[in-house]
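Residue numbering for the sequence shown follows our numbering, starting at 13 and increasing by one per position.
Cβ atoms here follow ideal geometry from the backbone N, Cα and C, with glycine treated the same way.
Everything on this sheet refers to the single structure shown next.
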Amino acid sequence: MSWKPREKRPLMIAHNDRPSRLTKRWRAGYVSAMRGVRYTYRRGGAPRDIIPTSRLVLLTCLVLISTGGFLHAQSRASFFDEPSEFVLPVNYDGSGAHPLVVVVPYTNGTAREAASLYFPSFGNHEDFIVMLPPGRAGTHHYLPNFTGFVGWYEARVLADLEVAKTRYAVDTSRIYLAGYSLGGDVSWALSVRNPDVFAGAVIGGARSSYPATPEALDALGRSGFRAAFMIGNRDDRVRIDGIRTAHRTLGNAGIETVYNFYPGDHLVMPGYDLWSESVEFVSGGSWHAVAPRVARTATGGGFGRTVTRAPSERLAFGAYLPWHATTSGTIEFSDLQHLYIRTEFQTAATWTRSILAFSTAGSSTDADRHVTDQTVAFAYGRGAYLIGAQIGWNWASRVRESDGMADGMTQFRIGVVGVLRGTDRASGIATLSYRIPRSGFGFVAPYVFNAELDVTARLGSRFTLGASAATYAAQNAPGTSDSLTVDELDHVLEYSLRAGFRVPRAILWTIGFTHTAHRAIGASDAFSPEAAWRVGLEYSR
């Protein structure tokens, strides 16, 4: 088999014979996620209520996600009504017989996204036809009845294979499966359910729990079926035990298999080299000529380039360093702090985020605000975009002056959120919120227009860009929500720009520029501006 790219573009054809699109931006985004390093595997000061609040926030997120999952009873997904797409090799001319590989994606991924992560030259490859089944399957599509989901998936795949046989030069004795996580589980299930259809399967990070009957094992052995199993050495025990059991089951039936470990947990994808070697193994070493197969079981040790996907960012801890650079170039110790804990979850149809933050900010007077703040957001959508709402409030607010600390006012925020779905996490988030500066039994009208816009873009696996702009009222003197007067509030104008990069992937370094201007409401003097460059660190997983 050859995985070397060629200059000639591939011919990509769906069932309607219209060319598919593979833009440079798409290719760059997913190829960048696959850069990695080759390995060889051988066998204080915060309020007391922050900790219980964090637990409450985490519990709230889990309840929201669980509720979102159960709102959708498992049923046949509409994407099973759509045809698969076929990506033809660059050297395809209709003559000769070509092998075919069915790419089965992981949870919340598409077959096209998976193919770009599995194979280095996908879209510019030779020799083999790639079949991309439709859909982006979430957990509610295959749970609790995984067998039913497999049946629907099987019907779609078998129908499209019949189309491929009539339209393209397919070698029916060399049809293979390849998948990771959910894709591996489905590949295993389709193999043991259709021993007369598939000649081999590459199965990564999967439980491989679908039962294999003695009749199926006998048929697989007689057909010369091969399987390549691979899993991270720190993956969940249930997956390691399951994939090892499947490997032994085939081996005991005299079916040739290979079993590879590689460094990493379930979020670590097998490297390109290991995928290529596994595909070559199940195909007999070449896509052109299947080598004679000997009924033996390879023990496998595992090697190859280990490549990690971007962190899912389900849990993140972050802070800005206690120094900043002024526009004049001087480095100063900063008494403005920002620390946060963020949880974020994306499912097939929902996205939730909770941020608990402690921050300090200045004012037009000598007073500084110390705020413990909470924001919770929820979005829903079946396609690439999700739309929802967010709310925010202060758990605690204090104002520090030269003579000590005093109580501050409570604030509430309401807003809308838009999310661009990514493979394992949101790739873009935009929020527009309205800040209500004073509260009580009935809201007091704000003294200035309050609006905050924030946009974040996650580019590939390593880079982020962000920007924000805001106008709002903020406290500049001690006092509670009911006791403050107009002249104890500032009108604040603020904007910021930020860029981040991950080195290593679990650590996000952020460089940000913030410009803030304060003026007491009702004052006739000009706004007092402040501008600074700051560096932030975030650990996420």
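**OP:** Please go through the same chain and pick out, in chain order, the residues whose beta-carbon is closer than 6 Å to the beta-carbon of F241, but skip the five residues on each side of it.
**Re:** I215, I255, H259, Y271
**OP:** Report the three-state DSSP secondary structure of G341 (helix, strand or coil).
**Re:** coil
Original post:
Could you give the distance in angstroms between the alpha-carbon of A213 and the alpha-carbon of S508?
Top reply: 50 Å
Subject >> Range covered by the alpha helix (DSSP H) that runs through H152 >> reply: 151-154
Original post:
Using the C-alpha atoms, what's the distance from R410 back to L398?
Top reply: 36 Å
Subject >> Residue from F91, Y192, E550 with nearest C-alpha to R326 >> reply: E550
Original post:
Based on Cα-Cα distance, which residue from L465, F390, P490 lies nearest to H382?
Top reply: P490
**OP:** For F92, I'd like the list of residues in its chain whose CB is within less than 8 Å of its CB, leaving aside the five on either flank, ordered along the chain.
**Re:** P146, G147, W164, Y165, A167, R168
**OP:** Under 6 Å Cβ to Cβ from R425, same chain only, skipping five residues before and after it: list those, please.
**Re:** G404, S445, R447
Original post:
For R433, which of A361, T387, V467 has the nearest alpha-carbon?
Top reply: A361
Original post:
From what residue to what residue does the beta strand (DSSP E) around E413 run?
Top reply: 397-413
Original post:
Does the separation of the CB atoms of L477 and A518 fall below 8 Å?
Top reply: no
Subject >> Euclidean distance between Cα positions of A307 and S295 >> reply: Here the model assigns A307 a pLDDT of 30, short of 50, so the residue's position is not dependable and the matter cannot be decided.
**OP:** With a floor of 3 residues, list each beta strand (DSSP E) that falls wholly inside the region 334-384, ordered by position along the chain.
**Re:** 343-345, 350-358, 362-373
Original post:
Roughly how many angstroms separate the alpha carbons of S203 and Y118, rounded to a whole number?
Top reply: 17 Å
**OP:** Using DSSP bridges, identify the partner residues of Y446.
**Re:** I426
**OP:** Pull up the distance between the alpha-carbon of V182 and that of T257, whole angstroms please.
**Re:** 32 Å
**OP:** Since I believe D380 is in contact with A373 (beta carbons under 8 Å), could you give me their beta-carbon distance rounded to a whole number of angstroms?
**Re:** 7 Å
**OP:** Note down, in chain order, each residue of its chain lying with its Cβ closer than 8 Å to the Cβ of I141, except the 5 sequence neighbours on either side.
**Re:** F98, V99, L100, P101, Y104, H110, P111, L112, V113, A176, Y180, V182
**OP:** Excluding the 5 residues preceding and the 5 following F345 in the sequence, name in chain order all residues of the same chain whose CB lies nearer than 8 Å to its CB.
**Re:** P334, W335
Original post:
Enumerated in chain order, which unbroken segments of the alpha helix (DSSP H) with a length of 4 residues or greater are wholly contained in the region 173-237?
Top reply: 194-205, 226-235
Original post:
Where does S508 fall in DSSP's three states?
Top reply: strand
Subject >> Spatially closest choice to D419 from G427, D537, N406, by CA coordinates >> reply: N406
Subject >> Whole-Å CB distance - S90 paired with L144, under 8 Å assumed >> reply: With a Cβ gap of about 17 Å, S90 and L144 do not count as contacting.
Original post:
Whole-angstrom Cβ separation of Y222 and A201, contact assumed at under 8 Å?
Top reply: 4 Å
**OP:** Determine the direct distance from the alpha carbon of S290 to that of A127, and round the result to whole angstroms.
**Re:** 14 Å
**OP:** State yes or no: is the C-beta of A481 within less than 8 Å of the C-beta of D502?
**Re:** no
**OP:** Would you identify the three-state DSSP class for G160, choosing helix, strand or coil?
**Re:** helix
Subject >> Bounding residues of the beta strand (DSSP E) (the contiguous stretch that carries F273) >> reply: 268-274
**OP:** Label I187 either buried or exposed according to how many other C-beta atoms from any shown protein chain fall within 10 Å of its C-beta, with 16 as the threshold for buried.
**Re:** buried
Original post:
For L501, which beta-bridge partners are listed by DSSP?
Top reply: Q487
Subject >> For T483 and I353, the rounded distance between their alpha carbons >> reply: 25 Å
Original post:
Sorted by chain position, which residues of the same chain lie with C-beta nearer than 6 Å to D208's C-beta, five sequence neighbours on each side aside?
Top reply: none
Original post:
Considering only the beta carbon of each residue, do V116 and G217 sit closer than 8 Å?
Top reply: no
Original post:
Ordered along the chain, which non-local residues of its own chain (more than five positions away) have a Cβ less than 7 Å from that of I252?
Top reply: I243
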